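Each remark here refers to the structure printed beneath this line.
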Ligand code: UDP
Ligand code: MG
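Residue numbers (the working numbering): 18 to 508.
Structure (structure tokens):
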């Protein structure tokens, strides 16, 4: 049932108030709201949503509506909860801006003009930031923690509550979200529009009791967090799908630009060529795994400053290097000082020089794959560089070894954007990609155990050899070799 309300002309503001057992406060709320609206000269409507009230509230609302044409009453018929009541009110609201507030006078109506002013600064939602000791210390604390979590998850201000003014656009977004158990604050946070808060003193409830028992608060909070998390997961999946698809040229250029920046500037200590048992082990495992013998023509993609390239050359392979970053290739040249003949190609792996096609016995990479954006494109391009029977092989981190994530967190120069690609280094993902690139005999091996400073010592290397053979932790050994072969039918 809807009453009253001004049905013609643009409305400056709609005030949406969910009502559940608020017979004591409604008249005062209405009086104070009206004073605020009239003092500012706003054209307004007040939408009181009767959320299946079991008390005298509906009778009070009837009376208010018949006395004031600016008051509309929406009856939900049964108790659907504060958040559904608010959404029902939003659906009915016609104002250019919409304020949502509680009916129990904990939210002072006098704050609306300041909230609207802030909204005018270009925000789509402005919360009345909760201040004061308006409820018990325990409730204040749990509320503080819960809001902190929501802030981290979806960016709503830490002091947000259900007293908020919003633009029509925000209201439309909220109404388009399909949430089984809506929680308006989280929905505002997830709407993707700019929000802010200004401090507003919140009052103690003067009559009646909160409609939320501790248990109901806890349950509502958990459901809200679960909803935000599931939404985040969907967002990530969609982004993942988008990344998996062929990327357009602009996106590729942007990715490559970021990759260059990631490696430019100060040289990372671990990229500089050095004599190291640890690095030699990587190369020797690779040579064995990819069946590379002396004299084989090998392309090392993502060779960087050549910490592996030099060792490969020393082992007698005819190695050539390819990297996106010319500055790193210059460093490679400096470091090896012409000791071996190493041809270098500055190019994107997804778009290598035509003249290299069909030339290599092996195309290999050390810790390169997880930096690539479009793996399908890169694998197809790399497969074309192989002679028939040529091997493709990569050494990559094992995403199931959680120490990598600790390293990304703790190492200042590592970022999730730069190195987060390791989560894609899963057996199935890589195997599928290789098969799509028509590679056969795809295989994987894991090895390693100790960090470089231990593996670099003789006793460390001996200990590692024993440790990595223990079956229980095979699945999380830090290094993985992926390999495949270009198979061509004999004509
Ligand atoms: N409310 C509602 N339906 C409900 C519970 C609450 O419409 O099932 C409304 C209530 O009338 C009030 C607002 O939601 O306007 C906040 O409720 P309450 O003051 O009880 O909660 P608290 O301030 O303790 O969070
Ligand atoms: Mg209250």
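Yeah, the Cβ is synthetic: ideal placement off N, Cα and C, and Gly gets one too. On a predicted model such as this, the values are computed, not experimentally measured, just so you know.
Closest residue to residue 390 among 362, 442, 345 (Cα-Cα distance)
Considering only alpha carbons, the answer is 442.
Length-filtered (3 minimum) beta strand (DSSP E) runs lying within the region 44-84:
Correct list: 61-67.
Determine the extent of the alpha helix (DSSP H) in which residue 395 is found, giving its start and end residues.
Its alpha helix (DSSP H) spans residues 392-401.
Inspect the beta-carbon positions of residue 300 and residue 322 and report whether they are closer than 8 Å.
Inclusion of residue 300 and residue 322 in the CB contact set at 8 Å is not warranted, their separation being larger than that value.
Taking C-beta to C-beta, are residue 97 and residue 121 nearer than 8 Å?
The beta carbons of residue 97 and residue 121 sit no closer together than 8 Å.
Would you say the region 206-223 touches the region 144-152, given that touching needs at least three Cβ pairs under 8 Å?
Contact holds between the region 206-223 and the region 144-152, because three or more Cβ pairs, one in each stretch, are under 8 Å apart.
So for residue 157, helix, strand or coil by DSSP?
Note: residue 157 maps to helix in three-state DSSP.
Should residue 99 be counted as a contact of the ligand MG given a C-beta to heavy atom distance under 7 Å?
At a threshold of 7 Å, residue 99 does not count as near the ligand MG, since its beta carbon sits no closer than that to any of the ligand's heavy atoms.
Does at least one heavy atom of the ligand MG sit under 7 Å from the Cβ of residue 222?
The answer is yes for residue 222.
State buried or exposed for residue 35, treating a residue as buried only when at least 16 other CB atoms are found within 10 Å of its CB.
Label assigned to residue 35: buried.
How about residue 489 and residue 417: do their beta carbons lie closer than 8 Å?
It is not a contact, given that the beta carbons lie outside the stated cut-off.
Within the present structure, is the beta-carbon of residue 74 separated from the nearest heavy atom of the ligand MG by less than 7 Å?
Closer than 7 Å to some heavy atom of the ligand MG: that does not describe the Cβ of residue 74.
Straight-line gap, residue 461 to residue 499 (C-alpha atoms, nearest Å)
Take the alpha-carbon of residue 461 and the one of residue 499: they are about 5 Å apart.
Stretch pair the region 302-310 + the region 236-243: three plus CB contacts closer than 8 Å:
No, the region 302-310 is not in contact with the region 236-243.
Mind listing which residues have their beta carbon within less than 5 Å of any non-hydrogen atom of the ligand MG? Chain order is fine.
That gives 119, 121, 123.
Can you determine whether any heavy atom of the ligand UDP sits closer than 7 Å to the C-beta of residue 34, and answer yes or no?
Yes, the Cβ of residue 34 comes within 7 Å of a heavy atom of the ligand UDP.
By how many angstroms is the C-alpha of residue 429 removed from the C-alpha of residue 294?
The straight-line gap from Cα to Cα measures roughly 26 Å.
Considering Cα atoms alone, identify which of 202, 478, 189 is closest to residue 176.
The candidate whose alpha carbon is nearest that of residue 176 is 202.
Kindly indicate the opening and closing residues of the alpha helix (DSSP H) around residue 99.
Going by DSSP, residue 99 is part of the alpha helix (DSSP H) stretching over 99-109.
Just mark residue 139 as buried or exposed, buried being the case when its beta carbon has 16 or more other beta carbons within 10 Å.
Exposed.
Between the beta-carbon of residue 320 and the beta-carbon of residue 296, is there less than 8 Å?
Contact: no.
Helix, strand or coil for residue 382, going by three-state DSSP, please let me know.
Strand.
Start and end residues, beta strand (DSSP E) containing residue 29
Taken as a continuous stretch (DSSP letters only), the beta strand (DSSP E) holding residue 29 covers 28-36.
Could you tell me whether the region 247-259 touches the region 342-350, where touching means 3 or more Cβ pairs closer than 8 Å?
The way I'd put it, the region 247-259 doesn't touch the region 342-350; fewer than three beta-carbon pairs between them come closer than 8 Å.
Leaving out five residues on either side along the sequence, give the residues of the same chain with a beta carbon under 6 Å from the beta carbon of residue 480.
Same-chain partners within the cutoff: there are none.
With a threshold of 7 Å (Cβ to nearest heavy atom), would residue 68 be considered close to the ligand UDP?
Checking the Cβ of residue 68 against the ligand UDP gives yes.
Could you tell me the alpha carbon to alpha carbon distance between residue 408 and residue 476, rounded to whole angstroms?
Across the structure, residue 408 and residue 476 are spaced so that their CA atoms are roughly 33 Å apart.
Under a three-way DSSP split, which group does residue 19 fall into?
Its pLDDT being 34, under 50, residue 19 is placed unreliably by the model, and nothing is read from it.
Taking only three categories from DSSP, how would you classify residue 335?
The answer is strand: DSSP assigns residue 335 an E or B state.
Can you name the start and end residues of the alpha helix (DSSP H) that residue 501 belongs to?
Note, residue 501: premise wrong, no alpha helix (DSSP H); beta strand (DSSP E) at 496-503.
Below 7 Å CB to CB, which residues in the same chain sit around residue 194 once its five sequence neighbours on both sides are set aside?
The residues are 204.
Quick one: give me the first and last residue of the alpha helix (DSSP H) that residue 207 is part of.
From DSSP, the alpha helix (DSSP H) with residue 207 extends over 201-207.
Alpha carbon to alpha carbon, how far is residue 445 from residue 63? Give it in angstroms, no decimals.
Roughly 58 Å separates the two Cα atoms.
Is residue 452 helix, strand or coil by DSSP?
Looking at residue 452 - three-state DSSP - the assignment turns out to be helix.
For the beta strand (DSSP E) holding residue 302, just list the boundary residues, first then last.
Per DSSP, residue 302 is not a residue of any beta strand (DSSP E); the alpha helix (DSSP H) it occupies stretches across 294-306.
Three-state secondary structure (DSSP) at residue 228?
In the structure shown, residue 228 sits in coil (DSSP, three-state: anything other than H, G, I, E or B).
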